[in-house]
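Shown next, in structure tokens, is the structure this report addresses.
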Amino acid sequence: MRSHHVALPFAKGTLDAPEHPRAYALIAHCFAGSRHNLATARISKRLAHHGIATLRFDFPTLMLGDHIEHLRLAHAWLSQHYQAPSLLIGHSLGGAAVLRAAIDAPSVTIGSPHDPHRSILPYVQGSSATIAGHTVELPEGFLADLSAHSPHTPPSAPLLVLHAPEDEVVPVTEAEDIFHHAAYPKSLLSLAGSNHMLTTPGATQRAADLIHAWFESISGSCAGDLIK
13 MRSHHVALPF AKGTLDAPEH PRAYALIAHC FAGSRHNLAT ARISKRLAHH
63 GIATLRFDFP TLMLGDHIEH LRLAHAWLSQ HYQAPSLLIG HSLGGAAVLR
113 AAIDAPSVTI GSPHDPHRSI LPYVQGSSAT IAGHTVELPE GFLADLSAHS
163 PHTPPSAPLL VLHAPEDEVV PVTEAEDIFH HAAYPKSLLS LAGSNHMLTT
213 PGATQRAADL IHAWFESISG SCAGDLIK
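According to the working numbering, the sequence shown holds residues 13 to 240 in order.
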């Protein structure tokens, strides 16, 4: 596996790829994070170990509307330079962007909110938000942007929802709401023992292995054969 640094039209990215990829994927990082976040980088590299070349990239702004557009641009870039991604993954707010990007591909959310506006309100104080011990200055119009994209009915492509019951930032009820509003084929799996940032021992490897197993189970299968 090698990590290739790439330049996207809007930001920097890293493509973690095996020598002979069997498929390509996109992974979107969490709120106020980067492609170097522990969860994003480790899951990406683990998927490459499984034969899935995975592009991780930076969101240059905090606005969900921008994240949605940048996901579409990343999809177009990967399609043009390598191969159209057959798997989309998003951690936390990155998962909310994946669900709203309207890209017809199997998707995975990890610790993501169904309603981002509702989920972040408890952490907002004035013009900043403190989440998982980190304080972030919010741009003007941030909450209005979230409201404009909340809530949302997930796309009809196969969907895997991963969430830790003990998630201290985004309650597991948000995962239940995503699952409830999604059409089949869909799966909801627990990341028991993990936290929101997936920093507990083995959490990222387990998440990546679950994603790989699920992706293998749906690849080349008809809808009736998918995990439900």
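We put the CB at the ideal spot given by N, CA and C, even for glycine.
- Excluding sequence positions up to five before and after Leu222, its CB lies within less than 7 Å of the CB of Leu174 and Leu201, all in the same chain and listed in chain order.
- Counting only residues of its own chain and dropping the five nearest sequence neighbours on each side, Asp189 has a CB closer than 8 Å to the CB of His126, Asp127 and Pro163.
- Under DSSP, the beta-bridge partners assigned to Val148 are Ala141.
- Just so you know, the alpha carbons of Pro213 and Asn49 end up roughly 15 Å apart.
- Under DSSP, Ala114 forms no beta bridge with any residue.
- Of the candidates Leu74, Leu99, Ala53 and Ser91, the residue whose Cα lies closest to the Cα of His224 is Leu99.
- Under the rule that a run must span 4 or more residues, the alpha helix (DSSP H) segments found entirely inside the segment 164-194 read 184-193.
- For Thr52, the number of other beta carbons within 10 angstroms of its own is at least 16, and it is reported as buried.
- In chain order, Phe71 and Pro72 place their CB closer than 8 Å to the CB of Asp78, counting only its own chain and leaving out the 5 sequence neighbours on each side.
- Beyond the five residues adjoining it in sequence on each side, Gly25 comes within less than 6 Å, by CB distance, of Val18, Leu67 and Phe69 in the same chain, given in chain order.
- Taking 9 Å as the cut-off, the Cβ atoms of Val148 and Ser140 count as close.
- For Asp157, there is no enclosing beta strand (DSSP E); the enclosing alpha helix (DSSP H) covers residues Phe154 to Ala160.
- Straight across, the Cα-Cα distance linking Pro170 with Leu150 is about 33 Å.
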